[in-house]
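Shown next, in structure tokens, is the structure this report addresses.
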Amino acid sequence: MREIRLNKKQFSIFNDYDQFQIFTDEDGFANYDDLDAEFDKIFQKFDIVIVNEDDYIYGEKNGKRELIMPNAYEAFSIALEVLNDEN
309 MREIRLNKKQ
319 FSIFNDYDQF
329 QIFTDEDGFA
339 NYDDLDAEFD
349 KIFQKFDIVI
359 VNEDDYIYGE
369 KNGKRELIMP
379 NAYEAFSIAL
389 EVLNDEN
């Protein structure tokens with residue numbers, strides 16, 4: 309299965325304005341005061357963020373993966389676009 313690995317800068321572009329609602333409460337409302345601080349927390353917990361072609365978003369640290377979000381609509385396509393825009 310193909311996957312894309314995103315560093316902190318790439319992840320912040322990928323999840324622009326929390327478009328995948330990773331940092332929301334169960335009702336879909338913002339659960340943060342500072343979005344940049346939430347990105348910092350993700351990268352304190354994980355070394356890298358991985359998006360696979362099934363649109364699942366994982367965090368990885370020391371080779372161990374933790375699911376951040378399943379079925380994130382068009383996540384793989386958007387991650388691919390972020391990588392292509394960098395080149």
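Remember, my numbering sits 308 above the position in the sequence shown when you count from 1. Even glycine gets a Cβ: it sits at the ideal position worked out from N, Cα and C. Note that this is a predicted model, so its numbers are computed, not measured.
Hey, how far is the Cα of residue i from the Cα of residue j?
{"i": "A345", "j": "S320", "result": "11 Å"}
{"i": "I365", "j": "I358", "result": "6 Å"}
{"i": "G371", "j": "R310", "result": "17 Å"}
{"i": "F331", "j": "K317", "result": "17 Å"}
{"i": "S385", "j": "L391", "result": "10 Å"}
{"i": "F337", "j": "F347", "result": "17 Å"}
{"i": "L388", "j": "N323", "result": "13 Å"}
Per DSSP, residue i is paired with what?
{"i": "E368", "result": "I356, R373"}
{"i": "I312", "result": "V359"}
{"i": "A338", "result": "T332"}
The alpha helix (DSSP H) with residue i in it runs from where to where?
{"i": "I321", "result": "316–322"}
{"i": "A383", "result": "383–394"}
Taking the alpha-carbon of residue i as reference, which of the options has the nearest alpha-carbon?
{"i": "D355", "options": "E389, F347, E368", "result": "E368"}
{"i": "D362", "options": "F347, A380, A338, L391", "result": "A380"}
{"i": "E334", "options": "L391, A383, M377, R313", "result": "M377"}
{"i": "N339", "options": "L314, Y325, E394", "result": "Y325"}
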